[in-house]
Amino acid sequence: MLIGKVVGSVVSTRKCENLVGNKFMIVDILEHMHSGADQLIAIDKIGAGIGEYVLVAQGSAARIGSGMPDAPIDAAIVGIIDDGSGLE
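This is how it looks when you write it as structure tokens:
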């Protein structure tokens, strides 16, 4: 799992059928948690907002954690961090 900060959203009018109705957010991964990428796009099923620190699951954990095991999801916001002090 990674920690990141939501910095924006993505609007996609055309997408896979099983992704329709889902919100996508741009997440800056914290520097000390990098796994090769500075940012990623994550599906958001819990209502994270811009500026919030979040927990991001990747791979099969993202699909299962978002309740969409058959969807083409690589990253999902699975938690909102209540206290982000000391994260940056």
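Residues are numbered in this note's numbering as their position in the sequence shown, beginning at 1, plus a constant of 90.
Just so it is clear, CB atoms sit at the ideal spot from N, CA and C, and this is done for glycine as well.
Residue i versus residue j - alpha carbon distance
i      : j      : result
Pro159 : Lys95  : 25 Å
Cys106 : Gly169 : 24 Å
Glu142 : Ile171 : 7 Å
Asn108 : Asp173 : 33 Å
Gly139 : Glu121 : 20 Å
Residues of its chain near residue i, where Cβ-Cβ distance is below 7 Å and the 5 sequence neighbours each way are ignored
i      : result
Ser156 : Ile133, Lys135, Ile163, Ala166
Heavy atom of the ligand GDP within 6 Å of residue i beta-carbon
i      : result
Asn112 : Because no ligand of any kind appears in the structure shown, any question about the ligand GDP cannot be addressed here.
Cβ shell of residue i (< 6 Å), same chain only, five flanking positions each side left out
i      : result
Asp118 : Gly94, Lys95, Val97, Gln129
Terminal residues of the alpha helix (DSSP H) in which residue i lies
i      : result
Ala151 : 150-155
Cutoff 8 Å; reference residue i; Cβ partners in own chain excluding five residues on either side
i      : result
Gly149 : Asp164
Terminal residues of the beta strand (DSSP E) in which residue i lies
i      : result
Leu130 : 129-134
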